[in-house]
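*Asks:* Its first residue numbered 251, the sequence shown is counted upward by one per residue in my numbering.
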Amino acid sequence: MAPLEPSLRVIVDDDSSRVYRHGDEVNGKVILVVENEEQIKALTVNFIGACITKTTRPFYVSRNDGDAPSSSRQEFRERTFLFNLEKVLLPAHTLGANKYSWAFDFTFPELTETRHSRWAHGSKYLKGPHPLPPSFHTYTNNPGGQAMISYFIQAKLTRGGMRGAVRTTQMLAYHPSPRPSSLEPKMTSRALYAQTWKPMKDPRKAIDKVLTKVSRKSGAQILSPRIVPTLHFPEKVAPGQPIHLLLSINNARRQSASTDNEQPECMLDSLNVVISTFTTTICGKPLTQPQDAVTKHVTCISRQNINQSLSFDTPAKLTNNFRLVDDAESVPTFKTYTISRRYEMSVVIGIKCLGQKFTIESTTPLEILPRNPHALMVNRPEEQDDIPADPLPLYAPREPSTELAPGYNDLYSPSTGASTPYSLMETDGYGLASGSSTPPTGSMTSPSELDLPNVPESAEPELEASKINRRMTLMPRAAQHVSPKARRRSVN
């Protein structure tokens, strides 16, 4: 009968589902059970942050290369260490049959450690030390394409002779610490001079124009308006903060002595708001460096026939209680060695003036910040039941084959009422951050000898509650507090 193999375990003192943040310590112990006398070369424990990307490309490019079977595709994979801290728990020693345990403690470092050449990977990715990115996992549109940022504790038992090493890993979830900020995001104004509107040529007959001029001789002269729109929006927002959108219009040809009564009447006719997600990953091979880019869009607001009066030189509110929810993990904007994630917000506004319609369009970067602690959000005033809400639509996981974003023709097609929600992103992860490190002790294990967590091959891996690869379903805030009035509206 073959001798039993040693049993090696890593136990973290905190709850296995805990989300670590800046400056948090990771404490625990390594347990080793030896059934027979063992000659041990070393027992080490490593605290590792790793960035893993994977994709495939067809061996022969053809018109149908996207449908090529996986057996005819070349696989690319890159693993980059964010940091690697090691402690030697036991040097060379002979252990008898018994149960042993060793305590360990680490602290999340403030910055990553790896440095890449200035020519590596291009401008979309970082080369030197930077704040830790979030725990993250997503699939790309290419067959077998995945991206993962993971943090974990790994214990390794190196034995004498020809026997292989014994390893075990405990995953950790990490989310960045929020930046000091107020409860309300800072607003930015952008005057859209390139979209200045003026009415089309007057189609009236000549006699009508003459009669109009005669009637104006006794009154003030009204010039044809030149309407300059200004959009007010936030560039940075954290989950739980409201996303205020405001519009102000100015008549550039208004006379100094004119009054509001002399201004043409303008009405807000329609509003569409779309948030887009852009994820890029790269495998850093010296010559090929294949890169996957995933773009997804979600229509957050789609309204028609609003008929809201607009006053000149006075900002008008376009949204009510429109916010990223603060009770679910929303991945912050980040950039690291081989993965980047960013967002954009597109606003399309329809206006009616002097019997004519014109459209204002604006696309701006939107930086999603780390989620604010709940303590900062509890003091905000509760929304009144009679105030309509503009929550983000439901985030629901979908098959990778159906994750492609809908076309813009579909997004901006006329419709009444609230839009049908699309899935903005399928993401299992948390955020980006910093902390202070515990100096490593003992000799470092060669990176080639470390067992990084494998990227699951299946598009639908079994996600345990204790792992960071959890699918989070983002529910709109309005769905949590549905007023009786809103409930009656939804039934009707």
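Every residue, glycine too, gets a C-beta built ideally from N, C-alpha and C.
From the DSSP output, which residues share a beta bridge with L258?
*Replies:* In DSSP, L258 forms a bridge with L282.
*Asks:* Output the distance between the C-alpha atoms of L254 and T418, rounded to the nearest integer angstrom.
*Replies:* 17 angstroms
*Asks:* Is there contact here, the segment 267–286 with the segment 357–368, by at least three beta-carbon pairs under 8 angstroms?
*Replies:* yes
*Asks:* Which residues bound the beta strand (DSSP E) around N500?
*Replies:* 496–501
*Asks:* Going along the chain, which unbroken runs of the beta strand (DSSP E) with 3 or more residues stay wholly within the segment 543–580?
*Replies:* 558–560
*Asks:* For K448, which residues in the same chain have their Cβ closer than 8 angstroms to its Cβ, ignoring the five residues on either side in sequence?
*Replies:* Only residues of its own chain outside the window of five on either side were considered, and among them S474, P475, R476, I477 have a CB closer than 8 angstroms to the CB of K448, listed in chain order.
*Asks:* When the distance is taken between beta carbons, is G278 closer than 8 angstroms to D263?
*Replies:* yes
*Asks:* Report the option in L518, R259, T364, A370 whose CA atom is closest to the CA atom of G378.
*Replies:* T364
*Asks:* From I601 to I556, what does the alpha carbon distance come to, in whole angstroms?
*Replies:* 10 angstroms
*Asks:* So, are the CB atoms of I618 and V487 less than 8 angstroms apart?
*Replies:* yes
*Asks:* Per the DSSP calculation, Y443 is bridged to which residue(s)?
*Replies:* The partner list for Y443 (beta bridge, DSSP) is empty, contrary to what the question assumes.
*Asks:* Report yes if the C-beta distance between L422 and V276 is below 8 angstroms; otherwise report no.
*Replies:* Their beta carbons are under 8 angstroms apart, which means L422 touches V276 by this criterion.
*Asks:* When the Cα atoms are used, what is the spatial distance from L574 to L616?
*Replies:* 12 angstroms
*Asks:* Closest by CA to S385, which one among P540, E594, L332, F326?
*Replies:* For the options P540, E594, L332, F326, the alpha carbon positioned closest to that of S385 is the one of L332.
*Asks:* Just curious, the beta strand (DSSP E) that A397 is in, first and last residue?
*Replies:* 396–409
*Asks:* Apart from the five residues on each side of it in sequence, which residues of its chain come closer than 6 angstroms, Cβ to Cβ, to E325?
*Replies:* T306
*Asks:* I'd like the list of long-range same chain contacts for V544, defined as Cβ closer than 7 angstroms, with 5 residues on each side in sequence excluded.
*Replies:* T390, N391, T529
*Asks:* By DSSP, does D263 sit in helix, in strand, or in coil?
*Replies:* coil
*Asks:* Excluding sequence positions up to five away, which residues of its chain have a Cβ less than 7 angstroms from the Cβ of C301?
*Replies:* Excluding residues within five positions, the ones whose Cβ falls inside 7 angstroms are T330, L332, I399, T586, Y587, T588, I589.
*Asks:* Among Q541, S561, I525, D563, which one has its Cα closest to the Cα of H547?
*Replies:* I525
*Asks:* DSSP on S351, reduced to helix/strand/coil?
*Replies:* Under the three-state reduction of DSSP, S351 is assigned to strand.
*Asks:* Just how far apart, CA to CA, sit S561 and C516?
*Replies:* 7 angstroms
*Asks:* Count the other CB atoms within 10 Å of the CB of I298; is the residue buried (16 or more) or exposed (fewer)?
*Replies:* buried
*Asks:* Can you give the Cα-Cα distance for N286 and R268, rounded to whole angstroms?
*Replies:* 36 angstroms
*Asks:* Return the CA-CA distance between F608 and I532, expressed in angstroms with no decimal places.
*Replies:* 42 angstroms
*Asks:* Put S385 into one of helix, strand or coil per three-state DSSP.
*Replies:* Looking at S385 - three-state DSSP - the assignment turns out to be coil, as it is neither helix nor strand.
*Asks:* Within a Cβ cutoff of 6 angstroms, which residues of the same chain sit near I718, ignoring the five residues on either side of it in sequence?
*Replies:* Only weak support is given to the placement of I718: the predicted model assigns it a pLDDT of 37, under 50, and the question is left unresolved by the model.
*Asks:* Between which two residues does the beta strand (DSSP E) containing Q606 stretch?
*Replies:* 606–615
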